[in-house]
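**Student:** Residue numbers (full-length UniProt numbering), protein chains in the order written: chain A, 1 to 205; chain B, 1 to 205.
We treat Cβ as the ideally placed atom computed from N, Cα and C, and that holds for glycine.
This structure is a prediction, so every number in the text was calculated from the model and none was measured.
Questions regarding the structure given below will be posed in turn.
Protein chains: 2
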Amino acid sequence: MDKNLKRMATMQRMQVTGLELFYKNGYYNTSVDDILKELSLSKGAFYYHFDSKEDYFIQIIENLLVRRVYSMLIEPIEGHDNALFLITNCFENALETAVHNEMDCGFVLNNFLNEFNGKNERIMKHLNDILKIWEVNLVSAIQKGKFNGHIDRHVDAEGVALFLMSSYIGVRTLMVENSPSARKYRFMAQLKQYFKSIEVKQPTL
Amino acid sequence: MDKNLKRMATMQRMQVTGLELFYKNGYYNTSVDDILKELSLSKGAFYYHFDSKEDYFIQIIENLLVRRVYSMLIEPIEGHDNALFLITNCFENALETAVHNEMDCGFVLNNFLNEFNGKNERIMKHLNDILKIWEVNLVSAIQKGKFNGHIDRHVDAEGVALFLMSSYIGVRTLMVENSPSARKYRFMAQLKQYFKSIEVKQPTL
DNA sequence: CTTTAAACCGACCGGGTGGTTTGTGGGTTG
DNA sequence: CAACCCACAAACCACCCGGTCGGTTTAAAG
């Protein structure tokens with residue numbers, strides 16, 4: 001039991017710093033030795049716990065990345081309030097986190113999707129699964145909004161979801177280098193403008 | 001003179017296939033040998049024409065990437081017609097090109113920005129310059145649209161530009177893997193929806 | 001204390017990397 | 001014909017990569 005705990009702790013440590021470095025430097029540009037140096041561990045320790053660098057990364061996706069996207073982008077829009085309000089708040093918080101993250105390197109999913117595209121189908125599948133989950137939950141939230149009378153019944157829920165995902169992915173890239181705070185503010189203003197165009201028109205008094 | 005022509009031709013060839021491979025596999029994951037194998041040339045030829053892999057890449061940016069972005073995303077919005085109409089057409093064409101490109105790996109600028117971020121400031125500067133040029137031209141087009149009475153005078157031109165760049169960057173990533181054609185269609189529909197919310201309200205008849 | 005296995009160490013391997021150096025065939029020039 | 005130089009070839013270098021493996025430490029169990 002105690003051994004099992006230690007094992008879990010070490011693997012957890014390895015995965016956390018692994019994600020950190022992979023996110024910062026990319027998967028192929030981060031050597032296993034780089035990670036082990038950071039952890040003061042040896043190759044032996046690594047290959048005792050993981051079969052390969054690839055398996056290691058997939059475990060990182062499943063154990064850390066999925067949960068991170070879930071808690072940041074999916075859970076916040078699951079409520080029964082006005083969908084547009086929930087999404088606005090969710091994006092606001094997600095972007096604010098990015099602004100305050102000194103080491104922000106953009107949207108982690110975007111970075112990895114670009115890096116693995118055409119190079120590693122197995123990993124791509126895992127990454128695309130996360131995207132799919134996000135998309136499904138966005139579509140569902142928007143449809144809920146239509147049902148609840150907050151969103152115009154004629155809008156294409158999947159189109160809106162795609163547009164939201166696109167703009168979020170893009171702005172995270174653009175926020176990395178130049179004045180992230182100002183860009184977040186400007187982005188949110190335009191997002192609200194867009195939302196105004198798809199919410200139900202209040203009957204003029 | 002003839003020698004000079006041959007020199008230019010070889011360098012051009014090297015840069016074109018270099019961009020192709022860098023775009024497909026990333027800069028760090030493409031070795032100089034990979035490129036030379038494709039060209040049936042040797043290391044000697046490469047280092048005769050270029051000082052280093054980095055200088056080589058910067059020449060590719062200046063000679064190919066800048067022009068490509070310019071002709072695809074900037075020139076098409078430089079006219080004096082309705083700015084929103086120009087931008088819509090420009091995005092439509094750019095996305096259509098991506099759809100028909102069998103080897104589409106997303107928006108080249110996004111990929112490179114992600115890869116070099118925090119790793120090579122010199123290259124990052126060149127890439128950010130391109131982004132900046134795009135942004136400036138978008139802002140200018142939108143301001144022209146406001147002046148010409150096509151866009152509501154109260155909209156924040158820089159905000160709109162940021163929103164457009166974000167959504168374009170993002171959708172290019174999302175179009176890579178899953179049903180690019182359908183996503184392009186959905187995206188354009190939402191873009192038009194957004195545009196409707198910032199154009200001048202036609203006086204109701 | 002002894003046994004045992006989990007957890008970890010670190011030297012090592014084959015292959016690949018960016019970059020350098022030296023060599024060479026062929027066209028130009030004197 | 002001979003000296004020369006351009007454009008490239010080919011061998012080479014030091015270094016780094018993911019992965020392997022025999023050995024050592026640690027700590028729980030008997």
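(1) Work out the CA separation of B:H154 and B:K144 for me, nearest whole Å.
(2) Indicate whether A:N65 and A:I130 have their beta-carbon atoms separated by less than 8 angstroms.
(3) A:E199 bridges to which residues according to DSSP?
(4) In angstroms with no decimal places, state the Cα-to-Cα distance between B:S31 and B:Q15.
(5) Between B:V176 and chain A, is the shortest Cβ-Cβ distance under 8 angstroms, so that the two count as touching?
(6) Would you please verify whether the beta carbon of B:A189 is less than 8 angstroms from any beta carbon of chain A?
(7) Is it right to say B:M1 is buried, meaning 16 or more other beta carbons lie within 10 angstroms of its own, or is it exposed?
(8) Report the neighbours of B:K196 on chain A: residues whose CB is nearer than 9 angstroms to its CB, in chain order.
(9) With three or more beta-carbon pairs closer than 8 angstroms as the criterion, would you say the region 177–194 of chain A touches the region 92–99 of chain A?
(10) Among the candidates B:G44, B:Y28 and B:S42, whose CA atom is the shortest distance from the CA of B:F57?
(11) Can you confirm whether the region 99–106 of chain A touches the region 33–49 of chain A when touching is taken to mean that 3 or more C-beta pairs between the two stretches lie within less than 8 angstroms?
(12) Could you pull out every residue in the same chain whose Cβ sits closer than 7 angstroms to the Cβ of A:V160, ignoring the five residues on either side in sequence?
(13) Measure the beta-carbon distance from B:I87 to B:I74 and round it to whole angstroms, keeping in mind my assumption that it falls under 8 angstroms.
(14) With B:T88 as the anchor, note down where its alpha helix (DSSP H) starts and where it stops.
(15) Which residue from A:I61, A:K53, A:Y48 and A:M188 puts its Cα closest to that of A:H126?
(16) Quick one: is B:F163 near chain A, going by C-beta distance under 8 angstroms?
(17) Among residues of its own chain, excluding the 5 on either side of A:E135, which ones have a beta-carbon nearer than 7 angstroms to its beta-carbon?
(18) According to DSSP, simplified to helix, strand and coil, what is A:N4?
(19) Which residues in chain B sit within 8 angstroms of A:C105, going by Cβ to Cβ distance?
(20) Expressed to the nearest angstrom, what Euclidean distance is found between the alpha-carbon atoms of B:I123 and B:D81?
(21) Considering only their Cβ atoms, is the gap separating A:A189 from B:D156 smaller than 8 angstroms?
(22) Any beta carbon of chain A sitting closer than 8 angstroms to that of B:Q193?
(23) Taking only beta-carbon positions, decide if B:V160 is within less than 8 angstroms of chain A.
(24) Among B:E177, B:N114 and B:E121, whose alpha-carbon lies nearest the alpha-carbon of A:M175?
(25) Let me make sure I understand the geometry here. Which of B:I133, B:E121 and B:N63 has the alpha-carbon closest to that of B:M8?
(26) Report back the beta-carbon spacing between A:N110 and A:T173 to the nearest angstrom; my notes put them in contact at under 8 angstroms.
(27) Look at B:L191 and B:H150 and say whether their C-beta atoms are less than 8 angstroms apart.
(28) Would you mind giving the Cβ-Cβ distance between residue 209 of chain B and A:K119, rounded to the nearest angstrom? I have them listed as a contact below 8 angstroms.
(29) Buried or exposed for B:S167, going by 16 or more other Cβ atoms inside 10 Å?
(30) Are the C-beta atoms of B:V66 and some chain A residue less than 8 angstroms apart?
(31) For B:R13, which residues in the same chain have their Cβ closer than 7 angstroms to its Cβ, ignoring the five residues on either side in sequence?
(32) Verify the CB distance criterion: does A:G26 have a CB-CB separation below 8 angstroms to chain B?
**Tutor:** Once the coordinates are examined:
(1) Position 144 of the second sequence, counted from the first residue, corresponds to residue 144 of chain B. Position 154 of the second sequence, counted from the first residue, corresponds to residue 154 of chain B. Rounded to whole angstroms, B:K144 and B:H154 show a C-alpha spacing of 13 angstroms.
(2) On the first sequence, position 65 is the one that residue 65 of chain A refers to. On the first sequence, position 130 is the one that residue 130 of chain A refers to. The sequence given here has Leu at residue 65 of chain A, not Asn. At a Cβ-Cβ threshold of 8 angstroms, A:L65 and A:I130 count as neighbours.
(3) In the first sequence, residue 199 of chain A corresponds to position 199, counting from 1. Among the bridge pairs identified by DSSP, A:E199 is matched with A:I151.
(4) If you number the second sequence from 1, residue 31 of chain B lands on position 31. If you number the second sequence from 1, residue 15 of chain B lands on position 15. Linking B:S31 to B:Q15 through their CA atoms gives a straight-line distance of about 14 angstroms.
(5) The residue you call residue 176 of chain B lines up with position 176 of the second sequence. Yes, B:V176 lies at the interface with chain A (some Cβ there is under 8 angstroms from its Cβ).
(6) Here residue 189 of chain B is taken as the residue at index 189 of the second sequence, counted from 1. B:A189 counts as touching chain A.
(7) Sequence index remark: in the second sequence, residue 1 of chain B carries index 1 (1-based). Residue confidence is low: B:M1 scores 48 on pLDDT, short of 50, so the model does not pin down where it sits. Its coordinate-derived value is still stated next. Result: exposed.
(8) Counting from one through the second sequence, the residue named residue 196 of chain B turns up at place 196. Contacts between B:K196 and chain A, judged by CB atoms closer than 9 angstroms, involve S197 in chain order.
(9) The region 177–194 of chain A, when compared against the region 92–99 of chain A, does touch it at the 8 angstroms Cβ threshold.
(10) As a working note, residue 57 of chain B is residue 57 in the second sequence. If we check each option's Cα against that of B:F57, B:Y28 comes out closest.
(11) Segment contact: the region 33–49 of chain A against the region 99–106 of chain A, fewer than three CB-CB distances shorter than 8 angstroms; contact not assigned.
(12) For the purposes of this step, residue 160 of chain A is identified with residue 160 of the first sequence, where counting begins at 1. Contacts found: I142 and I198.
(13) Locating residue 87 of chain B in the second sequence gives position 87, where the first residue counts as 1. Locating residue 74 of chain B in the second sequence gives position 74, where the first residue counts as 1. That belief does not hold up - the Cβ atoms of B:I87 and B:I74 are roughly 11 angstroms apart, past 8 angstroms.
(14) The sequence position of residue 88 of chain B within the second sequence is 88, counting from 1. Note, B:T88: alpha helix (DSSP H), A83 to H100.
(15) Within the first sequence, numbered from 1, the residue matching residue 126 of chain A stands at position 126. With distances taken between Cα atoms, A:H126 lies closest to A:I61.
(16) Sequence index remark: in the second sequence, residue 163 of chain B carries index 163 (1-based). Chain A contact via Cβ: present.
(17) Within the first sequence, the letter at position 135 stands for residue 135 of chain A. Answer for A:E135: A161 and M165, listed in chain order.
(18) Within the first sequence, the letter at position 4 stands for residue 4 of chain A. In the displayed model, A:N4 falls within a helix according to three-state DSSP.
(19) If you number the first sequence from 1, residue 105 of chain A lands on position 105. Neighbours of A:C105 on chain B, chain order: N114, N117 and G118.
(20) Here residue 123 of chain B is taken as the residue at index 123 of the second sequence, counted from 1. Here residue 81 of chain B is taken as the residue at index 81 of the second sequence, counted from 1. The alpha-carbon of B:I123 is positioned some 35 angstroms away from that of B:D81.
(21) Position 156 of the second sequence, counted from the start, is the residue given in the question as residue 156 of chain B. Position 189 of the first sequence, counted from the start, is the residue given in the question as residue 189 of chain A. Cβ distance < 8 angstroms, so B:D156 and A:A189 count as in contact.
(22) Locating residue 193 of chain B in the second sequence gives position 193, where the first residue counts as 1. Chain A, which has a Cβ nearer than 8 angstroms to the Cβ of B:Q193, makes this yes.
(23) For the purposes of this step, residue 160 of chain B is taken as the residue at position 160 of the second sequence. Between B:V160 and chain A, the shortest Cβ-Cβ separation is below 8 angstroms.
(24) Numbered from its first residue, the first sequence carries residue 175 of chain A at position 175. Shortest Cα-Cα distance from A:M175 to any of B:E177, B:N114 and B:E121 involves B:N114.
(25) Here residue 8 of chain B is taken as the residue at index 8 of the second sequence, counted from 1. Ranking B:I133, B:E121 and B:N63 by Cα distance to B:M8 puts B:N63 first.
(26) For the purposes of this step, residue 110 of chain A is identified with residue 110 of the first sequence, where counting begins at 1. For the purposes of this step, residue 173 of chain A is identified with residue 173 of the first sequence, where counting begins at 1. 6 angstroms between Cβ atoms; contact.
(27) Stepping through the second sequence from its first residue, residue 191 of chain B is reached at position 191. Stepping through the second sequence from its first residue, residue 150 of chain B is reached at position 150. Not a contact, by the Cβ cut-off of 8 angstroms.
(28) With chain B running from 1 to 205 in the structure shown, residue 209 of chain B is simply not present.
(29) Locating residue 167 of chain B in the second sequence gives position 167, where the first residue counts as 1. When all chains shown are included, B:S167 counts as buried.
(30) The count along the second sequence starts at 1 and reaches residue 66 of chain B at position 66. With 8 angstroms as the cut-off, B:V66 does not count as an interface residue toward chain A.
(31) For the purposes of this step, residue 13 of chain B is taken as the residue at position 13 of the second sequence. Around B:R13, the same chain offers L39 as residues with beta carbons nearer than 7 angstroms, after the five sequence neighbours per side are excluded.
(32) Indexing the first sequence from 1 puts residue 26 of chain A at position 26. Closer than 8 angstroms to some Cβ of chain B, the Cβ of A:G26 qualifies, so yes.
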